[in-house]
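The structure appears right after this line, and notes come after that.
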Amino acid sequence: DVVLTQTPVSLSVTLGDQASISCRSSQSLEYSDGYTYLEWYLQKPGQSPQLLIYEVSNRFSGVPDRFIGSGSGTDFTLKISRVEPEDLGVYYCFQATHDPTFGAGTKLELK
Amino acid sequence: QVKLLQSGAALVKPGDSVKMSCKASGYTFTDYIIHWVKQSHGKSLEWIGYINPYSGGTNYNEKFKSKATLTVDKSSSTAYMEFSRLTSEDSAIYYCARENWANWFAYWGQGTLVTVSS
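Chains A and B are the protein sequences, given in the same order.
Sequence positions in the first sequence follow the working numbering and run -18 to 92.
Sequence positions in the second sequence follow the working numbering and run 248 to 365.
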C-alpha cells in the first residue's frame, strides 16, 4: 500500500497566520494518464470530512482561495494563508493514483 | 442541493451483521459513484469500496473484500453497505460519499456510528 506521511501531526497557529502541512508519499502519485490524484480534506470537530483540494491544486467549489495546494511526484503541501476560526480541525491528504489511502491527519488548532 | 442521508446509529453483537443505508437526493442517483469510508474512533480514514449505481459494479479495498457488501436500490436512490461477522475492530463511524468526476469524495453523508458489543 502507498503510505502518506503527514507532518506535522499537530500545528498550533494564531488567527491570521499562515499554516503549512506536508504530505509525503511512499511512491510517486503521478498516474499514467498524466494526472496526479492527490486530494486534501478537512474534518471539523463533530463533522464529516469536506473536500478542499483535488488533483493537487484545484480548489473544490466554494473553497476559499486562501487554501493553496501544491507539489508533485511524492511531495505535496497544503498552505492556508490567514488562518480563520472555521479552518480549525484535522486535515487529511488522500491519494487515488494507487489503491486509495489517506494520511494519518494533521490537527490545526489555536495557539 | 446534493444530500446524502445515512441511517441511524446501530448497536450490534459480535458475529452479527449490520446493514446501513445512504439515501441520495438533489441529483440523478445513477450518474455518480458512491464510496464508503470507515473512521475508527479518533483515528484516520479508510476507504472501503465503491459502487456504481448505474451498473451495480463494485470495487473493494482488499482489506474489506470479505467484510463489506455494497448494493443499491435505484428506485429509492439509496445505497447500502452490509458489514458481516462483526468484531470490536468494526466499531467505527461509516460514511458514504459521492464522487464528482475529478475527485473521489465531494459530498459526504453525516455518518453512521456502529458499536459492536455484547
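Quick reminder that beta carbons are idealized off the backbone N, C-alpha and C, glycines included.
Just so you know, these numbers come straight off a predicted model, no measurement behind them.
Original post:
Mapping DSSP to helix, strand and coil, what is Phe57 of chain A?
Top reply: For the purposes of this step, residue 57 of chain A is taken as the residue at position 76 of the first sequence. DSSP places Phe57 of chain A in strand when its eight states are reduced to three.
Subject >> Beta-carbon contacts of Leu(-4) of chain A that lie in its chain and below 8 Å, excluding the five residues immediately before and after >> reply: Working through the first sequence from its first residue, we reach residue -4 of chain A at position 15. Taken in chain order, the residues that qualify are Val64, Glu65, Pro66 and Leu91.
Original post:
If you measure from the beta carbon of Glu67 of chain A to each beta carbon in chain B, is any gap under 8 Å?
Top reply: On the first sequence, position 86 is the one that residue 67 of chain A refers to. False, the Cβ-Cβ gap to chain B never drops below 8 Å.
Original post:
What does Gly86 of chain A reach in chain B if we use C-beta pairs closer than 7 Å?
Top reply: To locate residue 86 of chain A, count along the first sequence from 1; it is residue 105. What Gly86 of chain A touches in chain B: Ser291.
Subject >> Opposing strand residues paired with Val71 of chain A [DSSP bridges] >> reply: Numbered from its first residue, the first sequence carries residue 71 of chain A at position 90. A:Gln24 and A:Lys88.
Original post:
Among B:Ala339, B:Thr362, B:Trp348 and B:Ser364, which one has its Cα closest to the Cα of Trp294 of chain B?
Top reply: Taking the second sequence and counting its residues from 1, the one referred to as residue 294 of chain B is at position 47. The option with the nearest alpha carbon to Trp294 of chain B is B:Ala339.
Original post:
Using a C-beta cutoff of 8 Å, does Asp80 of chain A count as contacting chain B?
Top reply: On the first sequence, residue 80 of chain A is found 99 positions in, with the first residue counted as 1. By this cut-off, Asp80 of chain A is an interface position.
Original post:
Is the CB of Glu90 of chain A under 8 Å away from at least one CB in chain B?
Top reply: Counted from its first residue, the first sequence places residue 90 of chain A at position 109. No, no contact with chain B.
Original post:
Listing by chain order, which chain A residues have their CB less than 8 Å from the CB of Ala257 of chain B?
Top reply: In the second sequence, counting from the first residue as 1, residue 257 of chain B sits at position 10. Neighbours of Ala257 of chain B on chain A: none; closest Cβ ~18 Å, over 8 Å.
Original post:
Mapping DSSP to helix, strand and coil, what is Glu65 of chain A?
Top reply: Taking the first residue of the first sequence as position 1, residue 65 of chain A is located at position 84. It is coil, neither helix nor strand.
Original post:
Can you tell which of B:Val284, B:Ser364, B:Trp351 and B:Arg332 has the C-alpha that lies nearest to the C-alpha of Leu32 of chain A?
Top reply: As a first step, residue 32 of chain A must be located in the first sequence, where it is residue number 51. Leu32 of chain A has its Cα closest to that of B:Trp351, out of B:Val284, B:Ser364, B:Trp351 and B:Arg332.
**OP:** Could you round the C-beta distance between Gln248 of chain B and Cys343 of chain B to whole angstroms and report it? I think they count as a contact, below 8 Å.
**Re:** Here residue 248 of chain B corresponds to residue number 1 of the second sequence, with the count starting at 1. Here residue 343 of chain B corresponds to residue number 96 of the second sequence, with the count starting at 1. Not really, about 16 Å apart at Cβ, beyond 8 Å.
**OP:** Check the DSSP bridge columns for Lys379 of chain B and list the partner residues they point to.
**Re:** Residue coverage of chain B in this structure runs from 248 to 365, which leaves residue 379 of chain B outside it and unanswerable.
**OP:** Identify the continuous beta strand (DSSP E) that holds Tyr327 of chain B and give its terminal residues.
**Re:** For the purposes of this step, residue 327 of chain B is taken as the residue at position 80 of the second sequence. From DSSP, the beta strand (DSSP E) with Tyr327 of chain B extends over Thr325 to Phe330.
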